[in-house]
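A.B. asks: Structure provided below as structure tokens; questions to follow.
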Amino acid sequence: MSSRDLLIRGRGITKVFGYGAAKTTAVDTVDFDFHKGEIISIVGESGSGKTTLAKIIMGLLKESGGSIDYKGQPRVLRRHADRKKYWKDIQAIFQDPFSSFNLFQRVEKLLLSCIRLQGLKLTKDEQFNKMKEACSFVNLKFEELYNKYPFELSGGQMQRLMIARIFMLHPKVLIADEPTSMVDACSRSTILDMLLKLRDENEMTIIFITHDVGLAYYVSDTIYIMEKGQIVERGPAEDIILNPQHAYTRQLISDVPKIHTAWDLG
Ligand SMILES: Nc1ncnc2c1ncn2[C@@H]1O[C@H](COP(=O)(O)OP(=O)(O)OP(=O)(O)O)[C@@H](O)[C@H]1O
Ligand SMILES: [Mg+2]
Numbered sequence: 001m002s003s004r005d006l007l008i009r010g011r012g013i014t015k016v017f018g019y020g021a022a023k024t025t026a027v028d029t030v031d032f033d034f035h036k037g038e039i040i041s042i043v044g045e046s047g048s049g050k051t052t053l054a055k056i057i058m059g060l061l062k063e064s065g066g067s068i069d070y071k072g073q074p075r076v077l078r079r080h081a082d083r084k085k086y087w088k089d090i091q092a093i094f095q096d097p098f099s100s101f102n103l104f105q106r107v108e109k110l111l112l113s114c115i116r117l118q119g120l121k122l123t124k125d126e127q128f129n130k131m132k133e134a135c136s137f138v139n140l141k142f143e144e145l146y147n148k149y150p151f152e153l154s155g156g157q158m159q160r161l162m163i164a165r166i167f168m169l170h171p172k173v174l175i176a177d178e179p180t181s182m183v184d185a186c187s188r189s190t191i192l193d194m195l196l197k198l199r200d201e202n203e204m205t206i207i208f209i210t211h212d213v214g215l216a217y218y219v220s221d222t223i224y225i226m227e228k229g230q231i232v233e234r235g236p237a238e239d240i241i242l243n244p245q246h247a248y249t250r251q252l253i254s255d256v257p258k259i260h261t262a263w264d265l266g
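Numbered per full-length UniProt numbering, the sequence shown spans residues 1 to 266.
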């Protein structure tokens, strides 16, 4: 990928929580380069710092050290207007969909807020069609859901609704932190396919966070392996999975029987 397409660049990103004996370095001098239309997986076991890194990239958590460039310029999030502008471009789906929604807002209002966020002036009919289109993209029926509250939906429906929001907002960057954690295997591949379709249609950059190296191989162009806050290995997905250089990567791969088998056969 050419440097022309470089969208987000991080250097030396570090996050330290707490002080003294309770100090944890959750993210430790991490470098990254994410390009337009690229799907990146960040893979590591529980507690390796994936969500902390995601929150820093999102601008929800302030880094203790390092710098981030966005579109070739240092990222500035000091003023409310700066953050508003940045969050128009970058959206996230987190592990727990319940934490992402206002629980007292019905589905219709929730989707209407996406239209408002984009500053679109639409007629009632146009609004209805847009919400309907977004729901059918994720195989949900707007007519059945519009009047419901988030807590009246299943975990899988909530996760799909989050993707419907992304469909409406079409951000430049999507951070998906374990977006399939609450669904069965069948819905999981549907959700992944929806994300891939969004990338193909909108040239969206997707940062996919998971502890499942098999999933990462399936969806991503590039894999970053994270261990104890550090990126220990990064490269094209094929190289990382078929020719891992780091012991920790080999261990993650050996925990996935499916890949192992495909490997032996190949
Ligand atoms: N707000 C916080 N205050 C103190 N420590 C934190 C905070 N958030 C995360 N940590 C610590 O930072 C480390 C990394 O946590 P993080 O949530 O980023 O891991 P993760 O890779 O996303 O794990 P998982 O796969 O379980 O979601 C952990 O040791 C965690 O306890
Ligand atoms: Mg996490």
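Where a beta carbon is used, it is the ideal one built from N, C-alpha and C, also for glycine.
Let me confirm a value: H80 is counted as buried when at least 16 other C-beta atoms fall within 10 Å, else exposed. Which label applies?
C.D. replies: When all chains shown are included, H80 counts as exposed.
A.B. asks: Rounded to a whole number of angstroms, what is the C-alpha to C-alpha distance between residue 329 and H211?
C.D. replies: What is shown of the chain runs 1 to 266, which leaves residue 329 out entirely.
A.B. asks: Just the C-alpha distance for G18 and L7, rounded to the nearest angstrom, thanks.
C.D. replies: 31 Å
A.B. asks: Roughly how many whole angstroms lie between the Cα atoms of I42 and L112?
C.D. replies: 32 Å
A.B. asks: Helix, strand or coil for T123? Go by DSSP, reduced to three states.
C.D. replies: coil
A.B. asks: Please confirm whether S67 and R11 have their CB atoms less than 8 Å apart.
C.D. replies: In this structure, S67 sits near R11, with a CB-CB distance shorter than 8 Å.
A.B. asks: Take the Cβ of K141 as the centre, count every other Cβ of all protein chains shown within 10 Å, and call the residue buried at 16 or more, exposed below.
C.D. replies: Classification of K141: exposed, given that the 10 Å Cβ count is below 16.
A.B. asks: Please go through the same chain and pick out, in chain order, the residues whose beta-carbon is closer than 6 Å to the beta-carbon of E143, but skip the five residues on each side of it.
C.D. replies: none
A.B. asks: Can you say whether R9 is buried or exposed, counting buried as having 16 or more other CB atoms within 10 angstroms of its CB?
C.D. replies: Around the CB of R9, 16 or more other CB atoms lie within 10 Å, so the residue is classed as buried.
A.B. asks: According to DSSP, is D255 part of a helix, a strand, or is it coil?
C.D. replies: The answer is coil: DSSP assigns D255 none of H, G, I, E or B.
A.B. asks: Could you check how far apart the C-beta atoms of I241 and Y224 are, in whole angstroms? I think they sit under 8 Å.
C.D. replies: In this structure, I241 and Y224 do not form a Cβ contact; the two beta carbons are roughly 13 Å apart against a cut-off of 8 Å.
A.B. asks: Just to confirm the assignment: which complete alpha helix (DSSP H) runs, minimum length 4, are found wholly within the segment 25-100?
C.D. replies: 50-58, 80-89
A.B. asks: Please report the distance separating the alpha-carbon of A176 from that of M58.
C.D. replies: 11 Å
A.B. asks: As a quick exercise: from Q251, F34, R199, K109, pick the residue whose alpha carbon is nearest that of P150.
C.D. replies: Nearest C-alpha to P150 among Q251, F34, R199, K109: K109.
A.B. asks: Confirm, please, whether the CB-CB distance from Q230 to L169 is below 8 Å.
C.D. replies: No, the pair does not count as a contact, with Cβ atoms beyond the cut-off.
A.B. asks: Determine the closest residue to V256 out of G214, F128, K84, with distance taken between C-alpha atoms.
C.D. replies: G214
A.B. asks: Within 8 Å (strictly less), CB to CB, does G20 reach chain D?
C.D. replies: Chain labels in this structure do not include chain D; a single protein chain is all it has.
A.B. asks: Apart from the five residues on each side of it in sequence, which residues of its chain come closer than 6 Å, Cβ to Cβ, to L252?
C.D. replies: V213
A.B. asks: Using a Cβ-based criterion (distance less than 7 Å to any ligand heavy atom), does D177 qualify as near ligand 2?
C.D. replies: yes
A.B. asks: Relative to the C-alpha of K71, which residue among R160, K36, A247 is closest?
C.D. replies: K36
A.B. asks: Report the option in S48, N147, L120 whose CA atom is closest to the CA atom of V30.
C.D. replies: S48
A.B. asks: If you reduce the DSSP assignment to three classes, tell me which class P236 lands in.
C.D. replies: strand
A.B. asks: Contact defined as beta carbons within less than 8 Å: I believe S220 pairs with I40. What is the distance between those atoms, to the nearest angstrom?
C.D. replies: 6 Å
A.B. asks: Find the nearest neighbour of L174 within the set T14, A54, D28, judged by alpha-carbon distance.
C.D. replies: A54
A.B. asks: Among the residues of its own chain, which have a CB less than 8 Å from the CB of K148, if the five just before and after it don't count?
C.D. replies: R106, V107
A.B. asks: According to DSSP, D177 sits in a beta bridge with which residue or residues?
C.D. replies: I209
A.B. asks: So, helix, strand or coil for L6, using DSSP?
C.D. replies: strand
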